[in-house]
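Okay, so here's the structure we're looking at.
Residue numbers (full-length UniProt numbering): 1 to 247.
Shown next, in the form of structure tokens:
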């Protein structure tokens with residue numbers, strides 16, 4: 001609800017990095033801004049940025065500047081933990097040296113040590129919980145290198161489902177990315193997060209994984225981010241993650 005003792009809505013949007021005040025005012029006039037579920041078109045509207053839920057074009061805007069949202073490209077051979085009592089390299093080592101003052105960050109899900117690729121780090125507990133919960137079905141995409149040439153019906157077989165020791169599993173999408181003599185690179189998208197699920201699925205159909213990289217989590221993509229590098233998520237990426245899990 002609007003708060004007449006609060007801050008002007010266009011100022012809140014500007015401070016959140018959504019747009020300049022002038023552009024924010026235009027967004028409000030066009031009916032693109034919601035406050036606590038109601039479309040606001042009056043430029044004089046004031047809100048409490050600590051409590052208001054604000055959306056632009058249906059996408060939630062994170063106003064709490066203490067929240068941290070990061071993407072890391074976990075290198076192969078590194079463990080998906082913030083610390084390791086056996087002294088093995090872990091993503092906490094990267095955070096310790098490159099993200100100062102953010103000791104409360106934790107990782108969203110895991111990758112096994114032999115897998116490279118995208119992981120998310122945040123101190124937003126509710127978002128992290130929902131991203132990891134299977135009921136929200138946030139898709140994750142992997143690129144795997146397997147030995148040999150895959151048959152044309154492999155994608156259909158994986159989409160229909162494969163019986164594993166801990167129950168059936170299936171992919172949402174499957175495509176061949178590239179093929180050279182003796183090797184094939186495939187792209188696999190699925191929304192569940194059982195341990196080593198991609199490796200187990202491909203091994204079950206006769207194509208053990210040689211190399212594996214996670215490239216996407218929902219709307220967040222690895223792109224050309226180098227192994228070991230960390231970047232802040234964009235406002236749009238955070239908004240898309242919120243949308244994907246119903247926040």
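Here a beta-carbon is modelled for each residue, glycine too, at the ideal position from N, C-alpha and C.
- Going by beta carbons, residue 105 and residue 220 fall outside the 8 Å limit.
- A check of alpha carbon separations from residue 245 across 223, 130, 238 identifies 130 as the nearest.
- By the neighbour-count definition (other C-beta atoms within 10 Å, threshold 16), residue 30 is an exposed residue.
- The C-beta of residue 125 has fewer than 16 other C-beta atoms within 10 Å across all chains shown, which makes the residue exposed.
- For the pair residue 40 and residue 235, the CB atoms are not nearer than the 8 Å cut-off.
- Scanning the stretch 60–117 for uninterrupted alpha helix (DSSP H) segments of 4 residues or longer gives 91–98, listed from N- to C-terminal end.
- The beta carbon of residue 25 sits closer than 7 Å to the beta carbons of 10, 43 from its chain, once the five residues preceding and following it are set aside; these are given in chain order.
- For the 8 Å CB-CB criterion, residue 140 and residue 214 form a contact.
- Excluding five sequence positions before and after residue 113, the CB atoms of its chain that fall closer than 7 Å to its own CB belong to 77, 78, 79, given in chain order.
- Across the structure, residue 198 and residue 59 are spaced so that their CA atoms are roughly 31 Å apart.
- The bridge partners DSSP lists for residue 183 are 147, 180.
- Secondary structure note for residue 158: its alpha helix (DSSP H) is the uninterrupted segment 154–160.
- Close CB contacts of residue 61 within its chain, under the 8 Å cut and outside five residues either way in sequence, are with 13, 16, 18, 54, 55, 235, 239 (chain order).
- For residue 167, the enclosing beta strand (DSSP E) starts and ends at 167–169.
- By the neighbour-count definition (other C-beta atoms within 10 Å, threshold 16), residue 153 is an exposed residue.
- As computed with DSSP, residue 33 is found in a beta bridge with 56.
- As computed with DSSP, residue 163 is found in a beta bridge with 168.
- The residue among 150, 94, 178, 191 with its C-alpha nearest the C-alpha of residue 135 is 191.
- Taking the Cα positions, residue 222 is about 14 Å away from residue 69.
- Per DSSP, residue 231 is not a residue of any alpha helix (DSSP H); the beta strand (DSSP E) it occupies stretches across 230–232.
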